[in-house]
Amino acid sequence: MIHFENVSKFYDHQTALRNITFSVEKGDMAFITGPSGAGKSTLLKIIYLSEKPDEGSITIADWELGKIKESSIPFLRRNIGVVFQDFRLLDNRNVFDNVAMALRIRGIGEYEVKERVMEILKTVNLRHKTDGFPKTLSGGEQQRVVIARAIVGEPTILLADEPTGNLDSDTAAGITRMFKDINAKGTTVIIATHNRESFRNTGRKVFRLDNGNLVGEEIG
Amino acid sequence: MYMLYSLRLAVQSVWREKWINLLSILTIAAGLFMITLTFFSVYNIDLATKKLPEKFSMTLYLNDRVSEQDRGNIIAVLKKNSMVEHVKFISKDRAMEELRGVLKNADYVLEGIDENPLPASIELRLKHESVSISGVKKLAADIGKIKGIDEVEYGEQFLNSMHSIRTGAQTISMLMVVLMSTGIIFVCYSTVKIMFYRRKEEIETFKLLGATKGFIRAPFVIEGGMLGAGGGVVGMFGAIAFYYAFFYKLVLTMPILKVIVFPSEIFIALPFTGLLLGICGAVVALGRIRFS
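As they're listed, the protein sequences go chains A and B. Residue numbering for the first sequence follows the numbering used here, starting at 131 and increasing by one per position. Residue numbering for the second sequence follows the numbering used here, starting at 8 and increasing by one per position.
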């Protein structure tokens, strides 16, 4: 599903990732861990094509990222749901519109948009906040809106960058459960986190990054 | 399918930034109004210069020794010419009569002249479409070569000035239209560019969610079109106001201005022109959108 082969990324004279090789199979749930600045976010950005690698090759589903045309990038991104570290919620739009955005960009009709958004908001337990604006929500609620936006388009891959970073332990546990449920429905999930509790005793693959190098692969 | 949504986003954006958009619309309206005035002036100059050739004629002075038969042949040749509409022979006597008629009470200047000094002539009226500088010059040169014709006279200077006025008016108007259109495009360009930068974060999010270039561009192009069309509508009301002020107020006090024509079709063309220029400005402002 996702295959990295000797992938490196440099920023000016700094190495963000060096010779990273790993694979995540379809339907798997995997964690990328490491201290701040290890390269976790860069790795995720390369997957959703926000950054280009300087060396190596990457295959996602049937797409070879080195050969992908600029015009095909949006269509690849529609297969990848992303839970951004900084949320990237639109403050001038309510919860419904923020989630609906992921469907509207696909050209889906308003009737279907309404049905699917309501359904997904029910899943993340935010139906009562449909008309609320992001700034009026708690951190956990905002995180759930982002998750709803990431999964409403039924992507085959879900990436989450520090999804429990600023949340209390109960809310974090709830979010982690939510990812497990999403994965159980067949979506490949990759979570970047520095929080060991997130993957402890999960039985999932954990890739450990340090200073841009892949220093270990273990089962959590 | 996303066009409806794009339209909604464009309307929301126009409303959210209503003051800057209102300013742009008024600037566009002023530009379009100027274009209307330019068009109005050129249209009337063109119309006036088109009417003048209807009175245009050419006079051929015949040699006194031309026989009646040769004169008949010359007239026959002239009548066959495709540029000629009407041929009229004026004898020496008829010419003198006409001169006396022109002189009226001052015909004493002709006293003492025993022999009629005026030559017989042929007056040619040219077909309306033939009255061009190059056409008339060529015809005069060709006719001048016919045996028995001493001189060919036509309003060369008149034709040249008419041509200069027409070309000058057309050039100035063209420059004005290009200048004003560029100005309008620039206004739309700047407005859309500002909107684009204000929504940069939002656009980045759209891109990361999988929006195509079309989806990102559409609201801005619609917005540019709305500004242009809005300016066109305001400009149209300005032109209508000008029309009524000019024809129902000024013409009443100065009836000579009745000859001026105002093509009312321009009213309906203004919003469409604005729309087109607005879209152009928006497209230029958006430029290339990159995904990575």
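Note that CB positions come from ideal geometry on N, CA and C, so glycine has one too.
- Linking A/Ser268 to A/Asn255 through their CA atoms gives a straight-line distance of about 13 Å.
- Note that the segment 150 to 167 of chain A touches the segment 303 to 318 of chain A; at least 3 beta-carbon pairs, one per stretch, sit closer than 8 Å.
- At a cut-off of 9 Å between beta-carbon atoms, A/Gly237 makes contact with chain B.
- Taking 7 Å as the Cβ-Cβ cut-off, the segment 216 to 231 of chain B approaches chain A at Leu216, Gly217, Ala218, Thr219 and Phe222, given in chain order.
- In terms of Cβ geometry, B/Val49 and B/Ser188 do not form a close pair [threshold 9 Å].
- Sorting B/Met41, B/Ile153, B/Leu69 and B/Ile191 by C-alpha distance to the C-alpha of B/Gly281 places B/Ile191 at the top.
- The Cβ atoms of A/Asn224 and A/Gly262 lie closer than 9 Å to each other.
- The straight-line gap separating the alpha-carbon atoms of A/Leu289 and B/Val184 is approximately 54 Å.
- Taking 9 Å as the threshold, the shortest C-beta distance from A/Phe226 to chain B does not fall below it.
- Nearest neighbour of A/Gly342 by Cα position, chosen from A/Thr323, A/Ile177, A/Ser138 and A/Phe134, turns out to be A/Ser138.
- With respect to B/Leu39, B/Pro126 sits apart: the two C-beta atoms are not nearer than 9 Å.
- Contact between the segment 160 to 170 of chain B and the segment 99 to 109 of chain B is not established, with fewer than three Cβ pairs separated by less than 8 Å.
- Put simply, the segment 211 to 223 of chain B touches the segment 230 to 245 of chain A. At least three CB pairs are less than 8 Å apart.
- Taken atom to atom, the span from the alpha-carbon of B/Gly155 to that of B/Val84 is near 13 Å.
- Under the DSSP definition of a beta bridge, A/Gln144 partners with A/Tyr141.
- DSSP, read as helix, strand or coil, puts A/Ala290 in strand.
- Look at A/Met131 here: in three-state DSSP terms it is coil, with no helix or strand label.
- Taking a Cβ-Cβ cut-off of 7 Å, A/Ser138 has no neighbours in chain B, whose nearest Cβ is about 17 Å from it.
- One Cα belongs to B/Lys57, the other to B/Ile223, and the distance between them is close to 50 Å.
- Contact annotation for B/Glu209 against chain A: Leu220 [CB-CB distance below 7 Å, chain order].
- In the DSSP assignment, the residues bridged to A/Arg338 are A/Thr163 and A/Gly346.
- Inter-residue distance for B/His135 and B/Ser128 is about 22 Å (C-alpha atoms, whole angstroms).
- Per the coordinates, the alpha-carbon of B/Ile150 lies some 16 Å from the alpha-carbon of B/Ser139.
- Out of A/Asp291, A/Ile176 and A/Leu195, the CA that lies nearest to the CA of A/Gly164 is found in A/Asp291.
- In this structure, the beta-carbon distance from A/Gly169 to A/Leu195 does not fall below 9 Å.
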